[in-house]
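Everything in the sequence shown is counted per the working numbering, starting at 276 for the first residue and increasing by one.
To start, the structure under review is shown below, and the notes come after it.
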Amino acid sequence: MLKNAVLKGQNRQNLQFKCAETPADLQRILDFRLAEYQKQLPYMLETLNEQGQDNYDASAYHFYVQDRERILAVVRFNRYPFESMQWIEPQKFSPHIAAQQLDQTVEISRLITAQQHGYKRLMPSLLLFSSLYLWRHTDCRYYMAYCKEQNKDKFKGFRSMQTQLNFSIQCRGEHAYSFYFGEIKQALLQGLKTAFKFNQAKKDHA
């Protein structure tokens, strides 16, 4: 369904959306991420150990999309305590995330796609799959995320609420980040609505 409604690419029937379920799955994701960091985001390498893992990977949900056996994109959903609490004082979350919601909230991070993959809307499709999986198979009902200011429009079809909370991460350079919080269900509805509009536009121009 996602492949037909959201994605654009000649070989989209070959794509598989998956949740990492075994140590081998996770290691494949870590290997992919390490290779892409070396090419695209070298400042992220200092957060990893020799296996390409950081302090949050072992306890997080990891999702990926692959073309046959080649991973093309990955994303991570981390439960509380959140990685971003290293840079944002915990009390600044309280206007946006109630204390009783923390255990049902996941932090979205480590989104990265291969530099060349031949598809459009690959990451939005992976975000939709991941969110639907979490909604159906876990008690996660809320999400929080952050991204660079210059990238925020790429995820406008997914995010359901933007806060006024902005911050920077010194070890990652002079970048400003925006913080988001919302309900997974609402984000799914918005993401599917955007996918429908995208698919309709493809038909109108066919």
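Where is the CB? At the ideal position from N, CA and C, for every residue including glycine.
Cross-strand partners of residue i (DSSP beta bridge)
| i | result |
| --- | --- |
| G457 | Y418 |
| E382 | N353 and M419 |
| F292 | V340 |
| T388 | A348 |
Within 8 Å, strictly: CB atoms of residue i and residue j
| i | j | result |
| --- | --- | --- |
| L320 | D329 | no |
| I304 | A348 | no |
| Y408 | C294 | yes |
| A374 | E311 | no |
| F357 | F404 | no |
| L290 | V340 | yes |
| Y394 | R287 | yes |
Contact belief for residue i with residue j at Cβ below 8 Å, rounded distance in angstroms
| i | j | result |
| --- | --- | --- |
| S359 | Y421 | 6 Å |
| I459 | R416 | 6 Å |
| P399 | G466 | 7 Å |
| S334 | R354 | 7 Å |
| Q379 | D332 | In fact, because the Cβ distance is near 21 Å, the residues do not count as touching under 8 Å. |
Residues near residue i in its chain [Cβ-Cβ closer than 6 Å; skip 5 each side]
| i | result |
| --- | --- |
| Y336 | F352 |
| F473 | Low confidence applies to F473: its pLDDT is 49, below 50, so where it sits in the model is not reliable enough to give any reading. |
| F292 | V340 and F404 |
| H392 | L347 |
Residues of its chain near residue i, where Cβ-Cβ distance is below 7 Å and the 5 sequence neighbours each way are ignored
| i | result |
| --- | --- |
| R385 | R308, V349, V350 and R351 |
Close Cβ partners of residue i (< 8 Å) along its chain, the five nearest in sequence each way excluded
| i | result |
| --- | --- |
| D306 | G327 |
| L463 | L403, S406, L407 and W410 |
| I372 | T380, Y417, M419 and F456 |
Beta strand (DSSP E) segments (min. 3 residues) lying fully within the region 301-363: 336-342 and 345-354
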